[in-house]
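K.L.:
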Amino acid sequence: MYQKIVALVIFVFALVFSGYAAGGGEDIDAAAAEPLWHFNSFANPGFPTDTEDNAVLQYMIEQSGVDVRIETVSVDDFDTKLQLYAAAGTLPDFWHHNVDIALNTAEWKAQGLIQPVGNLIEEHAPELFDFIPQAALDAVTIDGEIYAIPAGFNPDDPAGGYSISGLVLREDWLNNLGLSVPETLDELYDVLWAFTYDDPDGNGRDDTFGMGSSDNLDSLTVIANAFGVHPLHWYEQDGQLVRGDLTERYVEALQVTRNWYEAGVIDPEFAAIDYASLQAKVINSQIGALGAHVWFPHPRWHALPVLREQVPEAEITMIPAVEGPYGDRGYGPGNALLQTVWISSQAENPERIMQLLSWLATGTNHLVPRFGIQGVDWEYNETGTGYNWLSEPLQGDQNDRVAYGLGNAGRMWPVIDRTPWRPEIEASFEAIEAHLLDNKFIGAVPAMSEYTDIDSLLQEAFVLYIIGRSSIDDVRRAQEAWYAEGGDEITAQVNAQVRNR
Ligand SMILES: [Ca+2]
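Sequence positions in the sequence shown follow our numbering and run 4 to 504.
(1) Do you know offhand how far G231's Cα is from L244's?
(2) Compare the beta carbon distance of V573 and V466 with 8 Å and say whether it is the shorter of the two.
(3) Could you pull out every residue in the same chain whose Cβ sits closer than 7 Å to the Cβ of T187, ignoring the five residues on either side in sequence?
(4) Is it buried or exposed, D420, if we count other Cβ atoms within 10 angstroms and call 16 or more buried?
(5) Rounded to whole angstroms, how far is the Cβ of G337 from the Cβ of S222, which I believe are closer than 8 Å?
(6) Please find out if some non-hydrogen atom of ligand 1 comes closer than 7 Å to the beta-carbon of R173.
(7) Taking 8 Å as the cut-off, does the region 331–347 touch the region 191–198 (at least 3 CB pairs, one atom from each stretch)?
(8) Please list the terminal residues of the continuous alpha helix (DSSP H) segment that includes N383.
(9) Contact defined as beta carbons within less than 8 Å: I believe V418 pairs with F134. What is the distance between those atoms, to the nearest angstrom?
(10) To which residues does DSSP link Q243 through a beta bridge?
(11) Under 8 Å between the Cβ atoms of T422 and Y454?
(12) Does V184 have its Cβ less than 8 Å from a Cβ in chain C?
(13) Could you give the distance in angstroms between the alpha-carbon of S217 and the alpha-carbon of F299?
(14) Specify, as a first and last residue, the run of the beta strand (DSSP E) that I493 falls within.
(15) Would M415 and A292 qualify as a contact pair, given that the criterion is a beta-carbon distance under 8 Å?
(16) With a threshold of 7 Å (Cβ to nearest heavy atom), would T211 be considered close to ligand 1?
(17) Could I get the ranges of all uninterrupted beta strand (DSSP E) runs contained in the region 73–134, with 3 residues as the minimum, in chain order?
(18) Apart from the five residues just before and just after P38, which ones in its own chain have a Cβ nearer than 7 Å to its Cβ?
(19) Around the Cβ of I269, are there at least 16 other Cβ atoms within 10 angstroms (buried) or fewer (exposed)?
(20) Can you tell me the Cα-Cα spacing of P308 and G163, whole angstroms?
(21) Cβ-heavy atom distance between D141 and ligand 1 below 7 Å?
(22) Do A481 and L60 have their beta-carbon atoms positioned less than 8 Å apart in this structure?
(23) Can you pull the DSSP bridge partners for T144?
(24) Quickly, what does DSSP pair A292 with across the bridge? List them, please.
(25) Exposed or buried, what is I31 when buried is set at 16 or more other beta-carbons lying within 10 Å of its beta-carbon?
(26) Using a threshold of 8 Å, state whether the C-beta atoms of I322 and V501 are closer than that.
(27) For the alpha helix (DSSP H) holding W196, just list the boundary residues, first then last.
(28) Please state the DSSP three-state secondary structure of S541.
(29) My guess is that I428 and V297 are in contact by the Cβ rule of under 8 Å, so how many angstroms apart are they, rounded?
(30) How is V232 classed by DSSP in three states: helix, strand or coil?
(31) In chain order, what residues of the same chain have a beta carbon less than 6 Å from the beta carbon of D403, not counting five sequence neighbours either side?
(32) Would you kindly report the start and end of the unbroken beta strand (DSSP E) that includes Y62?
(33) For the region 370–411, which segments carrying the alpha helix (DSSP H) assignment without a break, of at least 4 residues, lie completely within its bounds, in sequence order?
(34) With contact counted as at least three CB pairs below 8 Å, one residue from each stretch, are the region 441–454 and the region 136–156 in contact?
(35) Quick one: is V78 buried, meaning 16 or more other Cβ sit within 10 Å of its Cβ, or exposed?
(36) Compare the Cα-Cα distances from A89 to each of N101, E436, Q398, K112 and report the closest residue.
Written out as structure tokens, the structure is:
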């Protein structure tokens, strides 16, 4: 804290002596003609910020008619530097950040650092609504007003969804055993049983487990999903929103998980390994199923190529969520709220910012910051399902692209576009999106940043129960403790915020 104050004092002095302090007699007309000031986190170190040398940014400025300069900062330094600017009364016009988005929106609104943007979008850039998921807008809506501009998703990209996680299986193991893709939780159990006990890899040794997970229970969530809940999402129970892992259904799912663990179909080491070790178990053909993202079955994603060095015929497939005993079916929807843009409460010409964003939301302009100029740097391939790279920087590696100016400029308003990877991941998206659960609250409330340690205690209790070291009463006691130590407040604030939307 002391260091922060010292840094703040030094920073404010520096601003005063360089003539940047608040009310320092800046000419308003001159300020209007100045380039917009964009403050950009998640900086690529090699990014050229001089617009003269940056072909991509220069093109965006010329085409949109809006001059802008980009200041980049690392994610870790972002909060500190933004607060220093706020204390000095010289906020950037708009900024981009990708961490704790809903929470930051609530805090910056409370601090008066940002302005509502709903009317600005409607009046000056309604095209943005075609790109931004409603779930993301809901998450940054406070007291009926939208306070941030979340990343868009290319609406023309069938692999452009924001739900990216599901259950993947070793398809070659299914085929070896003559099994089909499971549709229900019971059928999934049968598959995992066979993966464990019927020698799916045909090497004559008892050396495989059905499903793996890491210590944060990621893979095992698919069992809770079949009971209609995702642990960290919110569901209605007795007229109130309750977090998934506090519901009765979740307790039932834990009991099933423990049964599966006792039956030996879940890797017994799950509670002691991280996600990297879990991936190693896939690569070594020790497990046949795990929770994973859409890229996992991709032949160029690092897991499958390494696995194929040992098992050339290996196939990994994403399967749709299985149906549970009450007829529930679906994965928990993914995070719709990715990299986001906020407009400063001090921005004098927010409509110029909207002009720039409107340009980005027109035609294929949103691809410019990522891939450059159509016809110069890239063109659609023959089938229209991907791109051909034309210019030298686009055919080079990441460093060449960054040096050319691709990447950070796009964070003035990022649009997710997965077209280059589409042929291989489209099937995964179709499987995930076949069945999705409904999360009743996406966003954050202040109490979440206050009580940050209560979730790990709950998680620990769940793991101890699954591996047979505690009773279901211990689970319920842990849930009560979660409420008593701050969860009550979180739950009350979530319910209040949903009522006020
Ligand atoms: Ca075997």
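For every residue, glycine included, the Cβ atom is placed at its ideal position computed from N, Cα and C.
P.N.:
The answer reads as follows:
(1) Your numbering for residue 231 matches position 228 in the sequence shown. Your numbering for residue 244 matches position 241 in the sequence shown. In a straight line, the C-alpha of G231 is about 14 Å away from that of L244.
(2) Because the chain in this structure spans residues 4 to 504, residue 573 falls outside the shown range and cannot be described.
(3) Looking up residue 187 in the sequence shown gives position 184. V325, E326, listed in sequence order.
(4) The sequence position of residue 420 within the sequence shown is 417, counting from 1. Answer is buried; the Cβ neighbour count reaches 16.
(5) Position 334 of the sequence shown holds residue 337. Position 219 of the sequence shown holds residue 222. With a Cβ gap of about 16 Å, G337 and S222 do not count as contacting.
(6) The residue labelled residue 173 in the question sits at position 170 within the sequence shown. Taking non-hydrogen atoms of ligand 1 into account, the C-beta of R173 is found less than 7 Å away from none of them.
(7) no
(8) Within the sequence shown, numbered from 1, the residue matching residue 383 stands at position 380. Residue identity check: residue 383 is Tyr in the sequence provided, not Asn. Following the DSSP letters along the chain, one finds Y383 in no alpha helix (DSSP H) but inside the beta strand (DSSP E) bounded by residues 381–383.
(9) In the sequence shown, the residue the question calls residue 418 occupies position 415. In the sequence shown, the residue the question calls residue 134 occupies position 131. That pair is a contact at about 6 Å.
(10) Numbered from its first residue, the sequence shown carries residue 243 at position 240. Answer is Q240, bridged to Q243.
(11) Position 419 of the sequence shown holds residue 422. Position 451 of the sequence shown holds residue 454. Not in contact: T422 and Y454 (Cβ atoms no closer than 8 Å).
(12) As a matter of chain content, chain C is missing from the structure shown, which is built from one protein chain.
(13) Here residue 217 refers to the residue found at position 214 of the sequence shown. Here residue 299 refers to the residue found at position 296 of the sequence shown. In a straight line, the C-alpha of S217 is about 16 Å away from that of F299.
(14) Taking the first residue of the sequence shown as 1, we reach residue 493 at position 490. Looking at the DSSP string, I493 is not in any beta strand (DSSP E); the run it does join, the alpha helix (DSSP H), is 491–503.
(15) Looking up residue 415 in the sequence shown gives position 412. Looking up residue 292 in the sequence shown gives position 289. No, the Cβ-Cβ distance between M415 and A292 is not below 8 Å.
(16) In the sequence shown, counting from the first residue as 1, residue 211 sits at position 208. Correct: T211 has its Cβ closer than 7 Å to ligand 1.
(17) Listed in chain order, they are 97–100.
(18) Sequence index remark: in the sequence shown, residue 38 carries index 35 (1-based). D70, V71, R72.
(19) Reading the sequence shown from its first residue, position 266 is the one you call residue 269. Its Cβ being crowded by 16 or more others within 10 Å, I269 is buried.
(20) Translated into the one-based positions of the sequence shown, residue 308 becomes position 305. Translated into the one-based positions of the sequence shown, residue 163 becomes position 160. Answer to the nearest angstrom: the Cα atoms are 24 Å apart.
(21) Along the sequence shown, one-based indexing puts residue 141 at 138. Checking the Cβ of D141 against ligand 1 gives no.
(22) Here residue 60 refers to the residue found at position 57 when the sequence shown is read from its first residue. Here residue 481 refers to the residue found at position 478 when the sequence shown is read from its first residue. Going by C-beta atoms, L60 is not nearer than 8 Å to A481.
(23) Taking the sequence shown and counting its residues from 1, the one referred to as residue 144 is at position 141. Paired residues: I149.
(24) On the sequence shown, residue 292 is found 289 positions in, with the first residue counted as 1. According to DSSP, which records beta bridges pairwise, A292 is partnered with L172, M214.
(25) Walking along the sequence shown from the start, residue 31 turns up at place 28. Any reading at I31 is ruled out, since the residue's pLDDT is 43, under 50, leaving its predicted position unreliable.
(26) The residue you call residue 322 lines up with position 319 of the sequence shown. The residue you call residue 501 lines up with position 498 of the sequence shown. Their beta carbons are not under 8 Å apart, which means I322 does not touch V501 by this criterion.
(27) Reading the sequence shown from its first residue, position 193 is the one you call residue 196. Counting along the chain, the alpha helix (DSSP H) containing W196 begins and ends at 188–200.
(28) Because residue 541 is not part of the residues shown, which for the chain are 4 to 504, the question remains open.
(29) On the sequence shown, position 425 is the one that residue 428 refers to. On the sequence shown, position 294 is the one that residue 297 refers to. That pair is a contact at about 5 Å.
(30) In the sequence shown, counting from the first residue as 1, residue 232 sits at position 229. If DSSP states are grouped into helix, strand and coil, V232 belongs with coil.
(31) Mapped onto the sequence shown, residue 403 falls at position 400. The residues are P396.
(32) Along the sequence shown, read from residue 1 onward, the residue named residue 62 stands at position 59. First-last for Y62: 58–67, but that is the alpha helix (DSSP H), not the beta strand (DSSP E).
(33) 371–374, 395–398, 401–407
(34) yes
(35) The residue labelled residue 78 in the question sits at position 75 within the sequence shown. A residue is called buried once 16 or more other Cβ atoms fall within 10 Å of its Cβ, and V78, having fewer, is exposed.
(36) Indexing the sequence shown from 1 puts residue 89 at position 86. Out of N101, E436, Q398, K112, K112 has the C-alpha closest to the C-alpha of A89.
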